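Asker: I have a structure I would like to understand better, so I am pasting it below and will then ask my questions one at a time.
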Amino acid sequence: MATFEELKTPFITQRELHPVTSTRILNLLDKTPRLSGPSKLILRAFILYTTNPNFFKVFPHLSSQESDELALLSVIGLRNLRNWRECPATYPSPWSNPFKKPEKPLHAIGRELLPMFDIKQPGPTLPEEDLSRFFSFTDACKERHQQRSVITGVEYSSAADVAHIFPHSTLQHKSPNSVLTWRFLVLFLGEQIRDILVKELHSDLHGIQTPASGILLALDTRTSYDHGFFTLVPYRRPRNNPHYVDVIYRVISTQPDVKYSSTYLDPDIDRQMTIDMNGVPTPNQIGDESKALQDGFKIRIGTNDPTLLPIPSHILLFWHGFLWDVLGAAGMSGWGNEAVLQVSGRPPGYPRDSPISSPVPKKRKSARPTGPPLSKVYQSGDGAYDRDWLDEHDLEWTYSDRSFSGADEDVTFTPLEQL
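The numbering of the sequence shown is UniProt numbering, which starts it at 1 and goes up by one.
This is how it looks when you write it as structure tokens:
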């Protein structure tokens with residue numbers, strides 16, 4: 001009879017440890033002058049979920065400009081970590097206009113914040129490797145799961161793919177996108193938790209293509225996982241046995257893709273695999289009838305081949321759920337009509353879909369006196385998107401495409417349904 005150890009997330013927020021201080025910091029944020037509502041929304045999510053023990057000590061001493069820069073860095077980092085299309089997000093290139101000073105160059109965003117938070121090692125130590133998406137990583141994960149989706153239990157010959165638990169593109173060594181993302185992570189998590197995360201992303205055998213960061217899913221399920229519609233929460237594993245881990249299927253979104261999902265796995269987790277006397281699991285034959293896959297369904301993930309270890313890292317599985325909690329709080333999940341703080345590299349006058357080499361002036365339209373419709377844009381309770389903020393940034397509300405436009409187009413807000 002196997003004995004299990006309970007698994008607990010390492011991502012313990014400072015809000016949980018210091019609830020009173022957290023409330024005071026949130027009140028301070030609401031009263032911070034010259035800080036836009038959208039920036040406050042992003043920083044509110046940062047405050048609610050940060051694991052950095054120094055953050056609450058330093059944040060009250062940040063200027064409005066430094067706080068705004070932290071919000072911008074957070075958006076850049078979260079967009080890369082969200083990583084819907086497995087490619088880095090785009091960022092602004094330096095440019096100037098008559099209304100304001102030149103923008104800070106890409107590589108400098110957030111750099112001056114690091115010493116304020118007493119960060120000794122800003123970037124992680126990752127080996128330089130070729131990160132081809134179709135390298136041995138994919139084959140190793142498919143062999144480990146015997147071509148079976150971990151969610152449905154069905155064996156697929158081609159209609160399945162490996163989902164990265166931690167985004168593949170963020171591991172690109174020394175790329176500007178990766179540098180900014182890890183700069184955000186060290187400020188958000190603190191060095192200790194950042195290092196725990198990095199340790200799970202590298203193995204002596206597989207390098208930074210470790211199968212510990214991948215799970216095999218059916219193609220439609222893989223898309224839902226990448227978009228954070230559901231997550232797999234690890235809750236126990238056998239002691240001194242690396243062959244399997246037990247997880248709970250947790251529904252985050254009410255999208256039809258997950259609302260009507262099904263599985264062929266046995267509802268009794270102990271009957272999904274046969275465990276031999278050495279603690280090695282072998283998948284059992286699945287049934288002929290599918291069952292509704294509901295929140296709380298328990299799944300056993302493992303392999304019976306020791307050469308195909310490691311199994312998916314429980315630390316990275318915890319990270320996936322934690323990340324989508326943060327994205328939801330920041331209005332960046334994309335499950336509804338939330339507005340997203342977008343960073344666009346196009347100077348004023350360039351339509352969003354036009355190449356930078358061929359400018360086409362954007363026709364300005366009259367502003368709606370009532371501001372953005374609440375049914376189309378997420379509006380925080382502190383007056384985000386009000387008329388004063390639009391006037392301050394020389395922006396206006398264009399109703400036809402439901403996006404902000406104006407002189408300061410390096411920051412726009414667009415409902416995700418249009419991205």
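Cβ atoms here follow ideal geometry from the backbone N, Cα and C, with glycine treated the same way.
Keep in mind that this is a model prediction, so the values were computed, not measured.
1. Taking the alpha carbon of Y249 as the reference point, which residue from I299, E69, D68 and S261 has its own alpha carbon closest?
2. Just mark F11 as buried or exposed, buried being the case when its beta carbon has 16 or more other beta carbons within 10 Å.
3. Can you check DSSP and say which residues form a bridge with T282?
4. I'd like the ranges of any alpha helix (DSSP H) spanning at least 4 consecutive residues and lying wholly in the segment 178 to 259.
5. Assess contact between the segment 109 to 124 and the segment 173 to 191, defined as three or more Cβ pairs (one per stretch) separated by less than 8 Å. Is contact present?
6. Determine, using beta carbons only, whether H145 and L216 come nearer to each other than 8 Å.
7. Look at the alpha carbon of N240 and the alpha carbon of E5, and state the distance between them as a whole number of angstroms.
8. The beta strand (DSSP E) spanning I165 covers which residue range?
9. Just how far apart, CA to CA, sit A159 and T13?
10. Is the Cβ of L106 closer than 8 Å to any Cβ of chain D?
11. Expressed to the nearest angstrom, what Euclidean distance is found between the alpha-carbon atoms of I311 and Y244?
12. With a cut-off of 8 Å on the beta carbons, I'd call L309 and P242 a contact; round off their distance for me.
13. What does DSSP give as the partner residues of R300 in its beta bridges?
14. Helix, strand or coil, according to DSSP, for residue 423 in the structure here?
15. If you reduce the DSSP assignment to three classes, tell me which class T263 lands in.
16. Which one or two residues does DSSP pair with A292 in a beta bridge?
17. How many angstroms separate the CA atom of K57 from the CA atom of I47?
18. Can L78 and L316 be called in contact, C-beta distance under 8 Å?
19. Closest by CA to P283, which one among L26, Q147, F166 and I165?
20. Answer yes if the segment 35 to 52 comes into contact with the segment 14 to 24, meaning at least three C-beta pairs across the two stretches below 8 Å, and no otherwise.
21. Ignore the nearest five residues each way along the sequence and tell me which others in I119's own chain have a CB closer than 6 Å to its CB.
22. Using the rule of at least 16 other Cβ atoms within 10 Å of the residue's Cβ for burial, across every protein chain shown, is K40 buried or exposed?
Answerer: Well, looking at it:
1. Working through the sequence shown from its first residue, we reach residue 249 at position 249. Nearest option by C-alpha distance: I299.
2. In the sequence shown, residue 11 corresponds to position 11, counting from 1. Looking at its Cβ environment, which holds 16 or more other Cβ atoms inside 10 Å, F11 is buried.
3. To locate residue 282, count along the sequence shown from 1; it is residue 282. Answer is T274.
4. 191 to 200, 219 to 226 and 256 to 259
5. yes
6. As a working note, residue 145 is residue 145 in the sequence shown. As a working note, residue 216 is residue 216 in the sequence shown. Against a cut-off of 8 Å, the Cβ pair of L216 and H145 comes out as a contact.
7. The count along the sequence shown starts at 1 and reaches residue 240 at position 240. The count along the sequence shown starts at 1 and reaches residue 5 at position 5. Cα to Cα, N240 sits roughly 9 Å from E5.
8. Walking along the sequence shown from the start, residue 165 turns up at place 165. No beta strand (DSSP E) holds I165; DSSP gives it neither H nor E.
9. As a working mapping, residue 159 is identified with position 159 in the sequence shown. As a working mapping, residue 13 is identified with position 13 in the sequence shown. Their backbone Cα atoms lie some 38 Å apart in a straight line.
10. Given the protein chain composition of this structure (a single chain), no chain D is represented.
11. Walking along the sequence shown from the start, residue 311 turns up at place 311. Walking along the sequence shown from the start, residue 244 turns up at place 244. Roughly 7 Å separates the two Cα atoms.
12. Within the sequence shown, residue 309 is the residue found at index 309, counting from 1. Within the sequence shown, residue 242 is the residue found at index 242, counting from 1. Confirmed, about 6 Å.
13. For the purposes of this step, residue 300 is taken as residue 300 along the sequence shown, with counting starting at 1. Partner(s): D246.
14. With the chain running from 1 to 419 in the structure shown, residue 423 is simply not present.
15. As a first step, residue 263 must be located in the sequence shown, where it is residue number 263. Note: T263 maps to strand in three-state DSSP.
16. Within the sequence shown, numbered from 1, the residue matching residue 292 stands at position 292. In the DSSP output, where bridge partners are listed per residue, A292 has S262.
17. Counted from its first residue, the sequence shown places residue 57 at position 57. Counted from its first residue, the sequence shown places residue 47 at position 47. Computed Cα separation, rounded: 12 Å.
18. By one-based count along the sequence shown, residue 78 stands at place 78. By one-based count along the sequence shown, residue 316 stands at place 316. It is not a contact, given that the beta carbons lie outside the stated cut-off.
19. Position 283 of the sequence shown, counted from the first residue, corresponds to residue 283. Per the Cα distances, Q147.
20. yes
21. Here the question's residue 119 lines up with position 119 in the sequence shown. Same-chain partners within the cutoff: V186.
22. Here residue 40 refers to the residue found at position 40 when the sequence shown is read from its first residue. Classification of K40: buried, given that the 10 Å Cβ count is 16 or more.
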